[in-house]
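Novice: Residue numbers (our numbering), protein chains in the order written: chain L, 1 to 518; chain H, 519 to 675. I am attaching a structure below and will ask some questions about it afterwards.
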Amino acid sequence: MSLRIFIPRDAAAVAVGADETALALQRAAAKRNAAIEVVRTGSRGLYWLEPMVEVATSKGRVAFGPVGEADAASVLDAMLADGPHALRQGLTEEIPWLKRQSRLTFARCGIIDPRSVEDYRAHDGYKGLERALTLTPDAILADVAASGLRGRGGAGFPTGIKWKTVAQTSADQKYVICNADEGDSGTFADRMIMEGDPFVMIEGMTIAAIAVGATKGYVYIRSEYPHAIEAMNAAIAAARHAGYLGPRICDSKHSFDLEVRVGAGAYVCGEETSLLESLEGRRGIVRAKPPLPAHKGLFGRPSVINNVLSFAAIPFILAGGVKAYADFGMGRSRGTMPIQLAGNIKRGGLFETAFGVTLGELVDDIGGGTLTGRPVRAVQVGGPLGAYFPRALFDTPFDYEAFAARDGLIGHGGIVVFDDTVDMSKQARFAMEFCAIESCGKCTPCRIGAIRGVETIDKILAGERVAENLAVVEDLCNTMKFGSLCALGGFTPYPVMSALNHFREDFGPTPKRLQAAE
Amino acid sequence: MPVYEPWNEARGAEIIAEYSHMEGATLVILHALQEAFGHVPQAAVPMVASALNLSRAEVHGVVTFYHDFRQKPAGKHVLKLCRAEACQAAGGDAVATRAEAKLGVKIGNTTADERVTLEPIYCLGLCATAPSAMLDGRVVGRLDESRIDALIAEAQR
């Protein structure tokens, strides 16, 4: 009997040598005349162990990692003999970091072959769609609303309400659009799903289409994700071949088909109205709201636009998991959140858990602190538009409202860890610079405010009229926050002001005027 | 190393015709043109405009809005360094400084021998194996001095 070996084809695993490891294992097997079958999966999300190689045993999959090219032969020997090895991590499911998670959305990621509909079905795939096909659209909408699911892209808008609005708007054509323009630094959950379990997203989008009466869907993927683009295209073709996409899906009266569209390096296209412009073939200039995309979206038609993780959460909910899903979480943040631990961190990766876990638990306990071993000084939560939190705020629970109450946001769930060598004035300057580079240019606060912000922070760093210039930055931030059309200009003040408020010492000596005011 | 065709009007027209029936085809066509020719040739802009019933200004606007589209060819190899926060936190600044010094160009430029174009990229989604880079479409993570040196040597070959 041949040995079944699993190696991720996930981009981050490939970036640290998974392809070379796979080849080395094949070579080693040929040399030993050992029959092995290599299955390329997604990643389990334990990135410090990548390339992580697993082998199927009678007790379950056993993991080895990180397995470099040079380790492949000895690891294969250990697999064949079921013997010890320095890189042996034991049964994958028993690795504490994985065991303490609640994987609903990521239940299959890293386990199944992301190109095989059969494998997806063998792991409870398409159960949600099967049930949805027996329900009325209203019943589907009721399930989604009852689950408490809120948009996982960052804004946290209730998914059920969004879908209902589209369902209630009549039109000759409606669209379901997946926002896979995951541009936030420190986030990679969308990429992992597309590369590791693309069918769950296709299933979620199909359920959305049935609920709102749409027949056409687009997945807008950023060009920085070539592996995800390839994986999605392959999965869509496979789903179409198996009758899960196209005319009369699963012999029902519903038709729905999907197409991948590729972005072109504009961060702002992750904003939904800018994404619509881009899909229509134009510059990604933000639209003023109203009208909402749910009323007038793509080509002026009612459109559901959700993030990858929102769609990926749907199949579990529709497969009878409404209550189970809603039972996770705290307050108005229901369900689980795939949290991404990144940057200077010892154990980085994908940690899906119920809302409510504290920032400190995530960074110190689960993440293990910094990779450099130096003290954690700051973490940025929620991408380039998220606030920097100091250790003093590590008791903040991971919850939309709790972060908002402390002038932060959870965004798409990315946490970037910095050690004590970070210069927070540089990070504040970068936030403004990034906004200036990526601004679509439509509204003045963002287009000009960001450039003035960079200039003013430069003056502060040069020691030029520090107190006055700090007041200018604060004033600029207020103008951007309240005067910008979208979150790019509107949220750039979060990293800037949090750096200023929590790490004032990095911006030169405390100005006299402010001392007097205290 | 990617190999591109020299600009050819008939081939350009063929590419445009292949996609012009799609909804909102502009970006799809521009990507296809760049894939074939390595950049979006100026001569193609009025052709795209005419095929999609747009003005030349509108197509020019799209080409110049998006960071991906090039108006002239890049160097033989393109090395993109992730410059976003997660990579900054993991030592990305030092990697970028080293790459600039080794290649003798600042990020955003092409070496004098036109072998390597060094560009910033804002997030490859490899944030738990940072710092990261992409050489001609191939991703590389956990960059340190020796790994970035090896990448640059490969690009300069």
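Note that the Cβ used here is the ideal one computed from N, Cα and C, for glycine as well. Just so it is clear, the structure is predicted and the values come from calculations on it, not from any experiment.
Between L/R222 and L/G183, is the Cβ-Cβ spacing less than 8 Å?
Specialist: Cβ distance < 8 Å, so L/R222 and L/G183 count as in contact.
Novice: Would DSSP call L/Y244 helix, strand or coil?
Specialist: L/Y244 falls in the coil class under three-state DSSP.
Novice: Give me the Cβ distance between L/I345 and L/L371, rounded to the nearest whole Å; I'm assuming they're in contact under 8 Å.
Specialist: Rounded, the Cβ-Cβ distance is 6 Å, consistent with contact.
Novice: For L/R100 and L/G383, what's the separation of their Cα atoms in angstroms?
Specialist: If you take the alpha carbons of L/R100 and L/G383, they lie about 25 Å apart.
Novice: Taking DSSP's pairing of strands, which residues face L/G343 in a bridge?
Specialist: Note: L/G343 sits in a beta bridge opposite L/V417.
Novice: Okay, do the stretch 290-310 of chain L and the stretch 170-186 of chain L touch, 3+ Cβ pairs below 8 Å being the bar?
Specialist: Yes, the stretch 290-310 of chain L is in contact with the stretch 170-186 of chain L.
Novice: Using the Cα positions of L/T533 and L/Y225, report the straight-line distance between them to the nearest angstrom.
Specialist: Examination of residue 533 of chain L is not possible in this model, given that chain L is present from 1 through 518 alone.
Novice: In the DSSP assignment, find the unbroken alpha helix (DSSP H) run with L/N469 in it and report its ends.
Specialist: Segment V466 to G483, the alpha helix (DSSP H) holding L/N469.
Novice: Using CA atoms only, rank isn't needed, just tell me which of H/V580, H/G659, H/D654 and H/D662 is closest to H/Q674.
Specialist: Cα-wise, what sits closest to H/Q674 is H/D654.
Novice: Given that a residue counts as buried once 16 or more other Cβ atoms are within 10 Å of its Cβ, and exposed if not, what is L/G335?
Specialist: By the neighbour-count rule (16 or more Cβ atoms within 10 Å), L/G335 is buried.
Novice: Is the stretch 85-99 of chain L close to the stretch 156-173 of chain L, with three or more CB pairs under 8 Å?
Specialist: The stretch 85-99 of chain L, when compared against the stretch 156-173 of chain L, does not touch it at the 8 Å Cβ threshold.
Novice: What residues in the stretch 604-621 of chain H bring their beta carbon closer than 7 Å to a beta carbon of chain L?
Specialist: Against chain L - using a Cβ distance shorter than 7 Å - the residues of the stretch 604-621 of chain H are A604, A607 and A608.
Novice: Cα separation between H/K598 and L/P397?
Specialist: When rounded, the distance between both Cα atoms is 36 Å.
Novice: Check the C-beta distance from H/Y640 over to L/S274 and give it rounded, since I have them as a contact under 8 Å.
Specialist: 15 Å between Cβ atoms; not a contact.
Novice: Would you list the residues sitting across from L/D257 in a DSSP beta bridge?
Specialist: L/K216, per the DSSP bridge assignment.
Novice: Relative to chain H, which residues along the stretch 54-69 of chain L have a C-beta separation below 9 Å, given in chain order?
Specialist: Going along the stretch 54-69 of chain L in chain order, one finds no residue with a Cβ nearer than 9 Å to chain H.
Novice: In the structure shown, what three-state DSSP assignment does H/R656 receive?
Specialist: Residue state, collapsed to three classes: strand.
Novice: Considering only the beta carbon of each residue, do L/C443 and L/V268 sit closer than 8 Å?
Specialist: Going by C-beta atoms, L/C443 is not nearer than 8 Å to L/V268.
Novice: Would you decide whether L/Q168 is buried or exposed? Buried here means 16 or more other CB atoms lie within 10 Å of its CB.
Specialist: Under this definition L/Q168 is an exposed residue.
Novice: Let me make sure I understand the geometry here. Which of L/L341, L/E93, L/V416 and L/Y220 has the alpha-carbon closest to that of L/A59?
Specialist: Checking the sequence, you will find Lys at residue 59 of chain L rather than Ala. Closest by alpha carbon: L/E93.
Novice: L/R283 versus chain H: which residues are under 9 Å apart at the beta carbon?
Specialist: Near L/R283 (Cβ distances below 9 Å), the residues of chain H are E576, G579, V580, T582, F583 and Y584.
Novice: Between the alpha carbons of H/A569 and H/Y537, how many angstroms are there, rounded?
Specialist: For H/A569 and H/Y537, the distance between alpha carbons rounds to 10 Å.
Novice: When you compare only the Cα positions, how much space is there between L/E518 and L/T421?
Specialist: With a pLDDT of only 44 at L/E518, under 50, the local geometry of the prediction cannot be trusted, and the value read off the model is given with reservation. Roughly 28 Å between the two C-alpha positions.
Novice: Is L/A516 buried or exposed, if buried means 16 or more other CB atoms sit within 10 Å of its CB?
Specialist: Because the pLDDT at L/A516 is just 47, under 50, the model does not fix this residue reliably, and the value given afterwards should be weighed accordingly. Flag for L/A516 reads exposed.
Novice: Of all the CB atoms in chain H, is at least one closer than 8 Å to the CB of L/P187?
Specialist: First, the amino acid is wrong: residue 187 of chain L is Thr here, not Pro. Chain H, which has a Cβ nearer than 8 Å to the Cβ of L/T187, makes this yes.
Novice: When you compare each of H/M652, H/Q552 and H/A550 to H/G643 by their alpha carbons, which one comes out closest?
Specialist: With distances taken between Cα atoms, H/G643 lies closest to H/M652.
Novice: What are the boundary residues of the beta strand (DSSP E) that L/L149 is part of?
Specialist: First-last for L/L149: undefined, no H or E at that position.
Novice: Which whole-angstrom value describes the C-beta separation of H/G610 and H/R601, a residue pair presumed to lie in contact below a C-beta threshold of 8 Å?
Specialist: Their Cβ separation, rounded to whole angstroms, is 7 Å, which keeps H/G610 and H/R601 in contact under 8 Å.
Novice: L/K323 by DSSP, collapsed to three states: which one?
Specialist: Correct three-state label for L/K323: helix.
Novice: Considering just the uninterrupted stretch of the beta strand (DSSP E) at L/N501, what are its terminal residues?
Specialist: Element bounds for L/N501: not the beta strand (DSSP E) but the alpha helix (DSSP H), P493 to H502.
Novice: Give the single residue among L/V212, L/V379 and L/H412 whose Cα lies nearest to the Cα of H/A607.
Specialist: The candidate whose alpha carbon is nearest that of H/A607 is L/V379.
Novice: Put H/N571 into one of helix, strand or coil per three-state DSSP.
Specialist: Of the three classes helix, strand and coil, the one that applies to H/N571 here is coil, per DSSP.
Novice: Would you kindly work out how many angstroms separate the C-alpha atoms of L/L135 and L/P247, rounded to a whole number?
Specialist: Answer to the nearest angstrom: the Cα atoms are 19 Å apart.
Novice: According to DSSP, is L/L292 part of a helix, a strand, or is it coil?
Specialist: The answer is coil: DSSP assigns L/L292 none of H, G, I, E or B.
Novice: Suppose only complete runs of 4+ residues qualify. What are the alpha helix (DSSP H) ranges in the stretch 553-628 of chain H, listed by chain order?
Specialist: Qualifying alpha helix (DSSP H) stretches, in chain order: 562-570, 574-583, 603-607 and 610-621.
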